[in-house]
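Asks:
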Ligand code: PEP
């Protein structure tokens, strides 16, 4: 799989039993061809340790992380705790967190810093709404979201995921042209922020990626991989996406 990165986001799905079954299925399909640097699965917190134990062939990721290290913050999970259970990645700023938990760009940046401080890789999500795209504001919106969500964030251990909100969980994938255009804009902003090291950063596409659409997206120069929600829940469709990379 060239050098693309494919990250599965299980959202609020899964169980210990499901993860064990998934591991057996994915191991059978992949027959030793998995690389934990290039294939990552982000489960709900309680299943991170199970995933690390039963499927060490993939990178283990969380879907969110506290900005705090420890203290009286009921319900939160710190980056140090994630690292302690074998987690090496964390999504931050997913649009569902921004929408349902009012996460701001500044708050997302603080989370990304917290993740990086523990040596984990932060997967920072950005993306425009349908209204913003219809108004023609999408380029400017995403560019400013990238700048604000990366305030103080280092280039090392950083991945950016472009996830247009209108494509997440809707079955409507952005066309390769739409995604490639936006990835080009994001890369320009990354160069502006980090100089030449910004050019080498990976920018993933997310939003209803399926086995049938993955190949076209991965053929684009600016698309370095995918963040996959629904299609990552079944080993077969996830593996088909991984092999399209
Ligand atoms: C996601 O959750 O990040 C995502 C892209 O979901 P889906 O693939 O289901 O649209």
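In the numbering used here, the protein residues as written are 8 to 252.
Idealized CB from N, CA, C, for every residue including glycine.
1) Give me the residue from 192, 43, 247 with the minimum Cα distance to residue 133.
2) Name the two residues that bound the continuous beta strand (DSSP E) containing residue 96.
3) On the DSSP bridge list, what partners appear for residue 209?
4) Is there at least one non-hydrogen atom of ligand 1 closer than 7 Å to the beta-carbon of residue 238?
5) Can you tell which of 206, 170, 69 has its C-alpha closest to the C-alpha of residue 19?
6) How would you write the range of the alpha helix (DSSP H) that residue 43 sits in, first residue to last?
7) Between residue 115 and residue 99, is the Cβ-Cβ spacing less than 8 Å?
8) For residue 152, which residues in the same chain have their Cβ closer than 7 Å to its Cβ, ignoring the five residues on either side in sequence?
9) Determine the DSSP secondary structure at residue 20, reduced to helix, strand or coil.
10) Does any heavy atom of ligand 1 sit closer than 7 Å to the C-beta of residue 118?
11) If you count every other CB in all the chains shown that lies within 10 Å of the CB of residue 145, and 16 or more means buried, which is it?
12) From the DSSP output, in three-state form, read off residue 119 for me.
13) Can you say whether residue 54 is buried or exposed, counting buried as having 16 or more other CB atoms within 10 angstroms of its CB?
14) For ligand 1, is there a heavy atom less than 7 Å away from the beta-carbon of residue 48?
15) I'd like to confirm something about residue 108: is its beta-carbon nearer than 7 Å to some heavy atom of ligand 1, or not?
16) In the DSSP output, what is residue 235 paired with across the bridge?
17) Please tell me whether, using a cut-off of 7 Å, the distance from the CB of residue 156 to the nearest non-hydrogen atom of ligand 1 is below it.
18) In chain order, which beta strand (DSSP E) runs of at least 3 residues are fully inside the region 123-155?
Replies: According to the data block:
1) Per the C-alpha coordinates, the member of 192, 43, 247 positioned closest to residue 133 is 192.
2) 96-99 is the span of the beta strand (DSSP E), which, as asked, contains residue 96.
3) The partner list for residue 209 (beta bridge, DSSP) reads 166.
4) The beta carbon of residue 238 sits closer than 7 Å to at least one heavy atom of ligand 1.
5) With distances taken between Cα atoms, residue 19 lies closest to 69.
6) For residue 43, there is no enclosing alpha helix (DSSP H), as DSSP marks it with neither H nor E.
7) Closer than 8 Å, so yes.
8) Within the same chain, and ignoring the five residues on either side of residue 152 in sequence, the residues whose Cβ sits closer than 7 Å to its Cβ are 112, 133.
9) When secondary structure is reduced to three states using DSSP, residue 20 falls in the coil class, being assigned neither helix nor strand.
10) No, the beta carbon of residue 118 sits no closer than 7 Å to any heavy atom of ligand 1.
11) So residue 145 counts as buried.
12) Residue 119 carries a helical assignment under DSSP once its states are collapsed to helix, strand and coil.
13) Flag for residue 54 reads buried.
14) Remark: the C-beta of residue 48 is outside contact range of ligand 1, defined as less than 7 Å to any heavy atom.
15) Checking every heavy atom of ligand 1 against the Cβ of residue 108, none is found closer than 7 Å.
16) Beta-bridge partners of residue 235 (DSSP): 15.
17) Not under cutoff, so the answer is no.
18) Taking only runs of at least 3 residues, the beta strand (DSSP E) segments lying wholly in the region 123-155 are 128-133.
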